[in-house]
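All remarks here apply to the structure that follows.
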Amino acid sequence: LPRNRVFSGAQPTGSMHLGNYLGAFRNWVRLQEDYECIYCVVDLHAITVWQEPAVLIQQTREAAAAYIACGVDPQKSILFNQSRVAAHAELAWIFNCVARIGWLNRMTQFKDKAGKNREKASVGLYVYPDLMAADILAYKATHVPVGEDQKQHLELTRDIALKFNNDFGREVFPIVEPIIQKEGARVMSLRDGAKKMSKSDPSDASRLNLTDDADRIALKIRKAKTDPLPLPEDAAGLADRPEASNLVGIYAALADLSQADVLARHGGKEFAPFKKDLADLAVARLAPISNEMSRLMRDPAEIDAVLDKGAEKAAALARPVMEEVRAVVGL
Ligand code: ADP
Ligand code: NA
192 LPRNRVFSGA
202 QPTGSMHLGN
212 YLGAFRNWVR
222 LQEDYECIYC
232 VVDLHAITVW
242 QEPAVLIQQT
252 REAAAAYIAC
262 GVDPQKSILF
272 NQSRVAAHAE
282 LAWIFNCVAR
292 IGWLNRMTQF
302 KDKAGKNREK
312 ASVGLYVYPD
322 LMAADILAYK
332 ATHVPVGEDQ
342 KQHLELTRDI
352 ALKFNNDFGR
362 EVFPIVEPII
372 QKEGARVMSL
382 RDGAKKMSKS
392 DPSDASRLNL
402 TDDADRIALK
412 IRKAKTDPLP
422 LPEDAAGLAD
432 RPEASNLVGI
442 YAALADLSQA
452 DVLARHGGKE
462 FAPFKKDLAD
472 LAVARLAPIS
482 NEMSRLMRDP
492 AEIDAVLDKG
502 AEKAAALARP
512 VMEEVRAVVG
522 L
């Protein structure tokens with residue numbers, strides 16, 4: 192079994208944003224130093240809800256461009272899109288036959304995403320966690336960086352691996368370990384401190400897109416929702432102040448400081464001058480990413496070539512795993 196293999200991915204369902212960067216991509220880049228990393232644009236996950244085909248193709252490329260612009264290096268890591276490696280769908284089917292309906296019924300994200308109209312949700316949305324288990328286990332990945340929102344799904348991946356190994360009496364799959372990141376783990380909407388920053392939020396002002404230019408970044412930060420009080424002097428003063436807490440958290444993550452350090456410098460200030468500093472910091476960090484993304488997007492053929500190459504490497508890793516799985520299952 193590989194000992195240090197990371198798998199992670201994001202859905203190409205909209206513009207990548209600061210939450211994806213601080214909660215995922217930035218960490219992926221760091222992991223490249225110590226792990227063999229496999230980073231995937233999970234287009235099969237995206238189609239669990241309706242995607243316009245031409246838009247999906249474009250967003251898949253844009254997601255890959257975002258990974259690269261944030262520092263994922265296709266020379267060091269494997270970067271590809273999920274639908275190009277058939278092992279994901281094949282292993283997901285086998286896991287559909289391993290996972291129990293009761294397990295999937297407990298997944299809170301399905302309940303959230305399907306909403307009240309559960310009968311109208313796709314079957315794919317329901318078995319999404321089985322596909323996620325397949326994404327990881329097709330490579331026998333050992334570590335998965337996860338946000339809060341994916342912790343329950345990763346538990347399910349562990350349960351599936353355990354049951355598979357147990358049912359067939361062979362240690363085929365590793366029991367994956369989460370890599371839980373604290374800083375930037377949950378970036379909230381700029382318009383509503385109770386909602387996480389998300390690509391599916393209809394309000395563009397709620398997030399800093401990785402494609403936003405300097406003026407848009409500054410404008411969105413200036414308009415970010417706050418409360419009427421000045422910034423607190425210490426981190427304890429952030430309790431029950433979700434908007435202040437979010438902006439200080441973003442500052443801290445972008446500056447690689449603790450919230451306490453940020454407040455040691457800015458505590459007691461009004462929001463207007465703090466937002467100006469935050470905007471300068473955000474522009475300094477994000478403008479190079481958005482510039483690199485637009486450079487990459489000008490040459491889609493090059494992105495496609497990177498993804499094709501990645502898919503070949505990924506398929507080569509998954510092939511022996513799938514051969515072993517078929518033999519063990521009797522297929
Ligand atoms: P979205 O929720 O915007 O659709 P994805 O589900 O594709 O994003 O998430 C891709 C990665 O980005 C995941 O690791 C997820 O935990 C992380 N992520 C998404 N939104 C945020 C956020 N607001 N704060 C921190 N991390 C986030
Ligand atoms: Na998500």
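Numbering-wise, the sequence shown is residues 192 to 522 according to the working numbering.
We put the beta carbon where it would ideally sit given N, CA and C, even for glycine.
Here R196 carries a strand assignment [DSSP, helix/strand/coil]. Annotation note: the segment 286-352 contains the following uninterrupted beta strand (DSSP E) runs of length 3 or greater, listed N- to C-terminal: 334-337. The closest heavy atom of the ligand ADP lies 7 Å or more from the beta carbon of K307. In the structure shown, the three-state DSSP call for V263 is coil. Between the beta-carbon of P433 and that of A385 there is about 6 Å, and that keeps the pair under the 8 Å contact cut. Within the DSSP bridge table, the entry for V453 names no partner. The beta carbon of A260 is closer than 6 Å to those of I480, E483 and M484 in its chain, skipping five residues each way along the sequence. If you look at P433, you'll find it in the alpha helix (DSSP H) that goes P433 to A446. Each residue's CA atom was taken as its position, placing E339 and A376 some 7 Å apart. A distance criterion of 7 Å places the beta-carbon of D340 in contact range of the ligand ADP, judged by its closest non-hydrogen atom. Taking all protein chains in view, the Cβ of V197 is crowded by 16 or more other Cβ atoms within 10 Å, so the residue is classified as buried. The alpha carbon of L295 has as its nearest neighbour, out of D321, A312, N272 and A305, the alpha carbon of D321. In this structure, the ligand ADP has no non-hydrogen atom nearer than 7 Å to the beta-carbon of K302. Between Y317 and L270 a beta carbon distance of about 29 Å is seen, past the 8 Å cut, so the two are scored as non-contacting.
Taking C-beta atoms as the reference points, A509 and A329 count as a pair closer than 8 Å. Counting along the chain, no alpha helix (DSSP H) covers I371; the unbroken beta strand (DSSP E) around it starts and ends at E368 to I371.
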